[in-house]
Ligand code: SF4
Ligand code: SF4
């Protein structure tokens, strides 16, 4: 009896109370597509397993617990409003508390506490993306561009950050950046279960953002940063906008008008943290269709049925060894079958995972992966 009571308390803490075991989350989970040879993900089995299996099994990258991308497909499909992705996050937090973690995840958490970014790179490297650009500091303008760790530290993504700057300048927007003072938003480490470090980052960022009375709007490049600022930073004074909404608004108002033709056939890959988790589907499409010469075609799996690229929830640092292939490869194959020239994305993680898939499949002469900002900067 006591044991049953304890189990109920756990299920409530994890947010699984109310599950009727219908299996819709299992049927929708994209990880099952690439691991057909193993037992499919089952949320109740996962909880049982994590609470009972030996710690070396749980601390292994091979365990499903670390393979979930927190994409939210399961949450969207659940008829009982259970959030299996949050159950995964809550389970991870129990393991962070115990110190039972795969080494790669331990490194990410350490890097955040030392360098304020998950990439294991020194804080000073955050200045590299804006080298040579003359930009205002945050607080000197009402709009502020929050670049985020991945575009700031990844060389390929410097082009994305600089294209965003170019479009803002072309639109005549008075904006500033946090520059070297910018720190991680905490989205990824929260998804990895380190809710304590997340709270510390949230407090530090909130103090900085609210401290500048001039800042009215923060424009975020990554949907992951946008999601966490918008939904998990109570008390944040400036409005937070993803750049797709921001530029869709400027285009609708007539403040920004793409002029040059981009004569390419383009499809759009919905990032889970923008679409499934924040219902932003129309803004990116309206930017693309405003560009002259661009032929837009939808993936079969689009909007809330879009296929996750496998970059979220800490998966940038975890590989699935027994996967038949990566989800990004399936996405790239679909795009090749459609005969498009470009897969447009609106997320730094999607850009890296899909571009890697194009390279791994030796398709660089057939297909490009570009962020909407990069296409807009061309136009
Ligand atoms: S969040 Fe996505 S990857 Fe994780 S369990 Fe749900 S459907 Fe599967
Ligand atoms: S979809 Fe919801 S109710 Fe059905 S098994 Fe999954 S968590 Fe339980």
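Numbering (this note's numbering), first residue to last: 114 to 492.
Backbone N, C-alpha and C define an ideal beta-carbon position, used for all residues, glycine too.
- Item | Simplified DSSP assignment, three categories, for residue 364 | helix
- Item | Coil, strand or helix - residue 355 by DSSP | strand
- Message: Considering Cα atoms alone, identify which of 239, 199, 451 is closest to residue 381.
- Response: 451
- Query: Between which two residues does the beta strand (DSSP E) containing residue 333 stretch?
  - Reply: Counting along the chain, the unbroken beta strand (DSSP E) around residue 333 starts and ends at 330–333.
- Task: Indicate whether residue 258 and residue 264 have their beta-carbon atoms separated by less than 8 Å.
- Result: It is not a contact, given that the beta carbons lie outside the stated cut-off.
- In three-state DSSP terms, what is residue 220? helix
- At which residues does the alpha helix (DSSP H) containing residue 88 begin and terminate? Lying outside 114 to 492, the shown extent of the chain, residue 88 is not represented and no answer is given.
- Message: DSSP three-state label for residue 377, please.
- Response: coil
- Exposure label - residue 368; buried when at least 16 CB within 10 Å: exposed
- For the alpha helix (DSSP H) that contains residue 456, what are its first and last residues? Element bounds for residue 456: not the alpha helix (DSSP H) but the beta strand (DSSP E), 455–458.
- Over the uninterrupted alpha helix (DSSP H) stretch that includes residue 339, give me the two end residues. 336–345
- Per-residue burial, residue 277 [other beta carbons within 10 Å of its own, 16 or more giving buried]: buried
- Query: Residues with a Cβ closer than 7 Å to any heavy atom of ligand 1, in chain order?
  - Reply: Per the Cβ criterion, the list is 138, 141, 142, 143, 144, 154, 181, 182, 183, 184, 185, 186, 187, 188, 197, 198, 201, 421, 426.
- With respect to 7 Å, is the separation between the Cβ of residue 282 and the closest non-hydrogen atom of ligand 2 below this value? Flag unset: Cβ of residue 282 not near ligand 2.
- Collapsed DSSP secondary structure at residue 249 in the structure displayed: strand
- Message: Using a 10 Å radius around the Cβ and a threshold of 16 neighbouring Cβ atoms, would you call residue 492 buried or exposed?
- Response: buried
- Proximity test, residue 191 beta-carbon vs ligand 2 heavy atom, cut-off 7 Å: yes
- Item | Span separating the alpha-carbon of residue 148 from that of residue 254 | 49 Å
- Task: Flag this pair as yes or no: are the beta carbons of residue 378 and residue 410 separated by less than 8 Å?
- Result: It is a contact, given that the beta carbons lie within the stated cut-off.
- Task: Give a yes or no on contact between the segment 236–244 and the segment 310–318, applying the rule of three or more CB pairs nearer than 8 Å.
- Result: no
- For residue 456 and residue 376, the rounded distance between their alpha carbons: Residue 376 and residue 456 have their C-alpha atoms roughly 14 Å apart.
- Indicate whether residue 401 and residue 448 have their beta-carbon atoms separated by less than 8 Å. Result no, Cβ atoms of residue 401 and residue 448 do not sit closer than 8 Å.
- Query: Rounded to whole angstroms, how far is the Cβ of residue 127 from the Cβ of residue 204, which I believe are closer than 8 Å?
  - Reply: The C-beta separation of residue 127 from residue 204 comes to about 6 Å, placing the pair in contact by the 8 Å criterion.
- Task: Can you tell me which of the three DSSP states residue 289 falls into?
- Result: strand
- For residue 325, count neighbouring Cβ atoms within 10 angstroms of its own Cβ and tell me buried if that reaches 16, exposed if not. Buried, because 16 or more other Cβ atoms sit within 10 Å of the Cβ of residue 325.
- Message: Quick check on residue 259: does DSSP put it in helix, strand or coil?
- Response: For residue 259, the three-state secondary structure derived from DSSP is strand.
- Based on the DSSP output, what are the partners of residue 484 in its beta bridges? The partner list for residue 484 (beta bridge, DSSP) reads 458.
- Query: Closest to residue 260 by CA distance: which of 172, 297, 487, 477 is it?
  - Reply: For residue 260, the nearest C-alpha among the options comes from 297.
- Message: Between residue 200 and residue 156, how many whole angstroms is the CB-CB distance? I'm expecting something under 8 Å.
- Response: 6 Å
- Query: For the segment 414–432 against the segment 454–471, are there 3 or more C-beta pairs whose distance is under 8 Å?
  - Reply: yes
- Length of the line joining the Cα atoms of residue 293 and residue 240: 5 Å
- Message: For residue 246, count the other beta carbons within 10 Å of its own beta carbon; 16 or more makes it buried, fewer makes it exposed. Which is it?
- Response: exposed
- Pick from 359, 143, 460 that is closest to residue 331, judged by C-alpha positions: 359
- Task: Compute the distance between the beta-carbons of residue 179 and residue 215, then report whether it is under 8 Å.
- Result: yes
- Query: Can we count residue 491 as close to ligand 2, meaning its CB is less than 7 Å from some heavy atom?
  - Reply: no
- Task: Work out the CA separation of residue 161 and residue 202 for me, nearest whole Å.
- Result: 15 Å
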